[in-house]
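Structure first, then comments.
2 protein chains.
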Amino acid sequence: MRKRATAREVAEAAGVSKWTVIRAFTPGASIAEESKRKVLEAAAALNYTPNLLARSLATNSTNQVAVFVDDFANPQKLPFLETLTERLQAEELVAVLININTHFDHVHALLHADQRQVDAVILFGTAFRSETLSDLQLGRGTPPMFVLARDSQIEGVPAVTCDAELALREIVDHLFERGYRRPGFMTGATVLSTALRRRQHFVDFWKEKGVDGVSVFSAEKYSADAGAEAVRSYLKQTDPADRVDVLMCENDILALGAMDEIRGRFGLRVPEDMAVVGFDNYELCGSSAYSLTTYEQPRQEMVEVIVGMVTGQLEPETVTLPGALIVRQST
Amino acid sequence: MRKRATAREVAEAAGVSKWTVIRAFTPGASIAEESKRKVLEAAAALNYTPNLLARSLATNSTNQVAVFVDDFANPQKLPFLETLTERLQAEELVAVLININTHFDHVHALLHADQRQVDAVILFGTAFRSETLSDLQLGRGTPPMFVLARDSQIEGVPAVTCDAELALREIVDHLFERGYRRPGFMTGATVLSTALRRRQHFVDFWKEKGVDGVSVFSAEKYSADAGAEAVRSYLKQTDPADRVDVLMCENDILALGAMDEIRGRFGLRVPEDMAVVGFDNYELCGSSAYSLTTYEQPRQEMVEVIVGMVTGQLEPETVTLPGALIVRQST
DNA sequence: TTTCTGTTTGCTACCGGGTGCAAACAGGTG
DNA sequence: CACCTGTTTGCACCCGGTAGCAAACAGAAA
Chain E
11 MRKRATAREV AEAAGVSKWT VIRAFTPGAS IAEESKRKVL EAAAALNYTP
61 NLLARSLATN STNQVAVFVD DFANPQKLPF LETLTERLQA EELVAVLINI
111 NTHFDHVHAL LHADQRQVDA VILFGTAFRS ETLSDLQLGR GTPPMFVLAR
161 DSQIEGVPAV TCDAELALRE IVDHLFERGY RRPGFMTGAT VLSTALRRRQ
211 HFVDFWKEKG VDGVSVFSAE KYSADAGAEA VRSYLKQTDP ADRVDVLMCE
261 NDILALGAMD EIRGRFGLRV PEDMAVVGFD NYELCGSSAY SLTTYEQPRQ
311 EMVEVIVGMV TGQLEPETVT LPGALIVRQS T
Chain D
11 MRKRATAREV AEAAGVSKWT VIRAFTPGAS IAEESKRKVL EAAAALNYTP
61 NLLARSLATN STNQVAVFVD DFANPQKLPF LETLTERLQA EELVAVLINI
111 NTHFDHVHAL LHADQRQVDA VILFGTAFRS ETLSDLQLGR GTPPMFVLAR
161 DSQIEGVPAV TCDAELALRE IVDHLFERGY RRPGFMTGAT VLSTALRRRQ
211 HFVDFWKEKG VDGVSVFSAE KYSADAGAEA VRSYLKQTDP ADRVDVLMCE
261 NDILALGAMD EIRGRFGLRV PEDMAVVGFD NYELCGSSAY SLTTYEQPRQ
311 EMVEVIVGMV TGQLEPETVT LPGALIVRQS T
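In the order they appear, the protein sequences are chains E and D.
Residue numbering for the first sequence is 11 to 341, as defined by the working numbering.
Residue numbering for the second sequence is 11 to 341, as defined by the working numbering.
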C-alpha cells in the first residue's frame with residue numbers, strides 16, 4: 011500500500027520543479043503549454059492529485075461546512091439534508107455532519123468546527139442561547155454561522171426560515187373558511203422560539219377572527235408516539251362536547267401520530283369529528299391513509315439562499331421565504 | 011476579527027518554546043508539571059486550541075470518515091445516520107456526508123475523499139461495481155472502504171449487513187404459517203445485489219415449502235409513490251382470482267405506498283384480501299393507520315461493528331447480523 | 001547587437017502543527 | 001566534586017501544499 015504521490019515526486023518525474031507541477035494544477039496559472047503537458051503526463055502516471063488537506067492549511071479555507079443537527083426524529087430532515095448536500099457539493103463544498111446530543115453539545119461542536127477550520131457552520135434546525143456562544147468567548151476567529159429552518163436567537167447570526175406569519179395566516183384563514191371554530195394547538199416538548207412563534211401566530215390570528223382561547227397542549231418530544239400520547243391524554247381528560255374541532259400540530263410527525271390515535275383508539279373520524287393540520291409536508295402526509303393538510307416549506311429556495319450566504323454570493327441576513335399550504339382530506 | 015492563536019503565540023506568552031506548548035496538549039508527553047500549568051494558563055488566556063487541520067497534515071490522519079449516501083428517499087437512512095454519527099463522534103471521528111448523485115458519482119466522491127485524506131469511507135447503502143474501482147486505479151493509497159447495509163460486490167471491501175437469509179426465512183415461515191400460498195414480491199428499480207438476494211431467498215424458501223412461482227414486479231424507484239404505482243399496474247393487469255394473497259415489498263416505503271393503493275384506490279382489505287410485508291421497521295410502520303408487518307435491522311449493532319472496523323478495533327471482514335421479525339396487523 | 005517587454009520558472013518563506021534526537025537540567029550516588 | 005541516570009526542553013526537519021518576488025528566458029523592436 012503505497013502512499014499518495016506528492017507534487018515533489020511528480021516534479022522529479024517530469025524534470026521540473028514542484029512549483030511548476032502545482033501551476034499545472036492551478037487554473038489560470040502562468041505555465042507553458044509544453045511543461046503543463048509534461049507535468050500532467052507524469053501526474054497521470056503516478057496517479058497524482060493535489061492533497062486538499064495541505065491546500066486547506068495553506069489557503070486557510072477548507073471548503074468544508076459543518077452542519078449541526080440535533081433532531082433526527084423528524085423525517086423532514088432527510089430531504090433537507092439531501093438538498094443541502096447537493097447544493098453544497100455543486101459549490102465545491104462538502105458537509106461535515108455533526109450530531110448534537112447530550113454527549114456532544116453545541117459548545118463542543120462549535121469548538122470542534124473551529125479547530126477543523128470549517129468555512130461555515132449551518133445550524134440546521136438546532137439553536138442555542140446566545141449565552142452559550144459568549145461562554146465560548148468565540149466570535150472572533152469563529153467560522154460564520156447560519157441558522158436553517160429555525161429562528162436565530164443570536165445577534166449577528168442570520169437565519170433562513172419559512173415565513174411563519176404568512177404560513178399561519180393561510181392556515182387559520184383556511185380553517186376559518188371551512189367553518190372550524192374551536193381550534194387546538196399541539197407543540198413539541200422543547201421551548202423553541204420557532205415553536206413559540208408558530209403558536210403565537212396561530213393564537214393571534216384566531217383572535218383576529220374573533221375566536222379566543224385556543225387549547226394548547228404539549229407532546230413530550232417530536233415523535234409520532236409522543237403526538238399520539240399527547241392526544242390521548244387530551245381526549246381522555248376533555249369532555250367530548252368541549253373538544254377542539256381542529257387540531258394544528260407543530261409538525262407532521264406529531265400530526266400523524268395524533269391522527270392515528272384519534273381514529274384508532276378513539277374511533278373518531280378525521281376531519282368530521284376532529285380535523286388535523288400538520289407542518290412540513292412530509293412525503294407520507296400525502297398518502298391516502300393520512301391525507302394530511304399541511305404546510306410545505308420552500309426547501310429548495312431555503313437551501314439555495316443559505317448556501318448563497320455561505321459562499322458569500324448573498325449578503326448574510328435573516329430571510330423568511332413563503333411556503334405553500336397543501337390542503338388535503340384531513341380538514 | 012482576529013485569527014486563531016497558534017502554538018507559537020502561546021509559547022511566547024508563556025515564555026517557553028512552541029514544542030513545549032505542543033507537549034502540553036499531547037496526552038502522555040514528557041513535560042514538567044510547572045511548565046504545563048504555565049502553558050495551559052497562557053493558552054486559556056489566548057483562547058488557544060490546537061489546529062486539527064495542521065495536525066491532520068502532520069500525523070497523516072484526519073479523524074474524518076466519508077459517508078456516501080445515494081438514496082435519501084428511504085427515511086430509514088435518518089436513524090441510521092443518527093446512530094452512525096453518534097458512534098463515530100464517540101470515537102473522536104466525524105462524518106463527512108457525501109451525496110452520491112448524477113452530478114457527483116462514486117468515482118468523483120472517492121477521489122475527493124482520497125484527496126481530503128479521510129481515514130475511511132463508509133458506503134452507506136450505496137454500492138458500485140468493482141470495475142468502477144479499478145477504473146480509478148486506486149486501491150493503494152485509498153482510504154479503507156466499508157459497505158453498510160448493503161452487500162459488498164468488491165473484493166476486499168467488507169460489508170456489514172442484516173442477515174438476509176435468516177430474515178427471509180423467518181418471513182416466509184411466518185407467512186406460510188398464516189396460510190398464505192400465493193406470494194408476490196415487489197422490488198425497487200435498481201438491480202442491486204441486496205435486492206436480488208432478498209428476492210432470491212424469498213423465492214427459494216417458498217420453493218422449499220412447495221410453493222413455486224412467486225410473482226415478481228418492480229417499482230420505478232424506492233418511494234411510496236413508486237410502490238403505489240407498481241401495485242396499481244399490477245392490480246389492473248391481474249385478474250382478481252389470480253392475485254397474490256401476500257405481497258412482500260423490498261422496503262417499508264414501497265410497502266406503505268402499496269398499502270395505500272391497495273386499500274385506497276382498490277378498496278381491498280389488508281390483510282384479508284391481500285397481506286403486505288415490508289422491510290426495515292420504519293417508525294410509522296407501527297402506527298395504527300398501517301400496522302405493517304416488517305423486519306427490523308439490527309441498527310445499533312451494525313453501526314457498532316462497522317465503526318469498530320473503522321477504528322481498527324475489529325478485524326475488517328464481512329459480517330451479517332440477525333434482525334427481528336415484527337409481526338403486526340398487515341399479515 | 002543591444003534593449004525592452006512579457007512569459008515562464010525557481011526560490012524563499014510560510015500555513016500550524018508533529019517527530020526524533022541531542023543538549024540542558026535536574027537529583028541521587030560514590 | 002565527579003559521575004551517572006532520568007527528566008525536561010530546544011531544535012532541525014518534515015507534512016504537502018500556496019504566495020509573491022526575482023531571476024531566466026524568450027521574442028520583438030531599436
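Ideal placement from N, C-alpha and C gives every residue a C-beta, glycine not left out.
All of these numbers come straight from a predicted model, not from anything done at the bench.
*asked:* I'd like to know whether the C-beta of residue 121 of chain E is nearer than 8 Å to at least one C-beta of chain D.
replied: yes
Residue from E/165, E/172, E/26 and E/15 whose Cα sits closest to the Cα of residue 205 of chain E:
E/172
N- and C-terminal bounds of the alpha helix (DSSP H) containing residue 40 of chain D
Unbroken run through residue 40 of chain D: none, as it is neither H nor E.
Minimum C-alpha distance to residue 158 of chain D - residue among D/339, D/319, D/323 and D/103: D/319
Please list, in chain order, the chain E residues whose beta carbon lies closer than 8 Å to that of residue 136 of chain D. Chain E residues near residue 136 of chain D: none, gap ~13 Å exceeds 8 Å.
Can you give the beta carbon distance from residue 213 of chain D to residue 194 of chain D, rounded, assuming they're within the 8 Å contact cut?
Rounded, the Cβ-Cβ distance is 11 Å, inconsistent with contact.
Taking 8 Å as the CB-CB cut-off, is residue 231 of chain E touching chain D?
-> no
Item to complete: Mind checking the stretch 18–37 of chain E against chain D and listing, in chain order, the residues whose C-beta falls within less than 7 Å of any C-beta there?
Response: none
- Message: Let me check understanding here. Comparing Cα to Cα, which of E/298, E/288 and E/329 lies closest to residue 86 of chain E?
- Response: E/288
Per-residue burial, residue 70 of chain D [other beta carbons within 10 Å of its own, 16 or more giving buried] = exposed
Checklist entry - Nearest chain D C-beta to residue 339 of chain E closer than 8 Å, yes or no? => result no
Q) Where DSSP assigns a beta bridge to residue 114 of chain E, which residues make up the other side? A) E/111
query: Is residue 246 of chain E closer than 8 Å to residue 83 of chain E when the C-beta atoms are compared?
result: no
- Message: For a test of the three-state rule: what should DSSP assign to residue 132 of chain D, helix, strand or coil?
- Response: strand
- Measure from the alpha carbon of residue 209 of chain E to the alpha carbon of each residue in E/220, E/219, E/227 and E/192, then state which is nearest. E/227
Contact the stretch 256–265 of chain D vs the stretch 280–287 of chain D: 3+ CB pairs below 8 Å: yes
Report task. Give the residues from the stretch 219–246 of chain E that approach chain D closer than 9 Å (Cβ to any Cβ), ordered along the chain. Result -> 233, 234, 235 and 238
Note to self: With distance defined between alpha-carbon atoms, name the residue in D/267, D/20, D/187 and D/276 nearest to residue 293 of chain E.
What the structure shows: D/267
Listing by chain order, which chain E residues have their CB less than 9 Å from the CB of residue 50 of chain D?
By Cβ distance, chain E contributes nothing, its closest Cβ being about 16 Å from residue 50 of chain D, past 9 Å.
| request: Spell out whether any CB of chain E is found under 8 Å from the CB atom of residue 72 of chain D. | output: yes
Notebook entry, point to check: Buried or exposed: residue 13 of chain E, going by 16 or more other Cβ atoms within 10 Å of its Cβ?
Noted result: exposed
Cβ-based contacts, 7 Å cut-off: residues of the stretch 302–330 of chain D near chain E: none
For residue 74 of chain D, does the three-state DSSP call read helix, strand or coil? strand
Worksheet entry | Inter-stretch contact at 8 Å, needing at least 3 Cβ pairs: the stretch 74–83 of chain E / the stretch 121–135 of chain E | yes
task: Report the option in D/123, D/191 and D/92 whose CA atom is closest to the CA atom of residue 222 of chain D.
output: D/191
Legend entry - Short Cβ contact (8 Å threshold) for residue 233 of chain D with residue 263 of chain D: yes
Give the straight-line distance between the Cα atoms of residue 282 of chain D and residue 184 of chain D, rounded to the nearest whole angstrom. 16 Å
Per DSSP, which residues does residue 193 of chain E bridge with? Please list them. E/256
> Counting Cβ pairs, one atom from each stretch, are 3 or more of them under 8 Å apart for the stretch 89–104 of chain E and the stretch 108–120 of chain D?
Replying inline: yes
Buried or exposed: residue 270 of chain E, going by 16 or more other Cβ atoms within 10 Å of its Cβ?
-> buried
- Query: For residue 155 of chain E, which three-state DSSP category applies?
  - Reply: strand
Quick one: using the 10 Å Cβ neighbour count with 16 as the cut-off for buried, is residue 162 of chain D buried or exposed?
-> buried
Handout entry: Cβ-based neighbour list, residue 65 of chain E, same chain, cut-off 6 Å, excluding 5 preceding and 5 following
Key = none
Supposed contact pair residue 186 of chain D and residue 219 of chain D - C-beta distance, whole angstroms, cut 8 Å: 5 Å
Does the beta-carbon of residue 39 of chain E have 16 or more other beta-carbons within 10 angstroms, so that it is buried, or is it exposed?
-> exposed
Contact with chain D by residue 181 of chain E, beta-carbon distance below 8 Å: no
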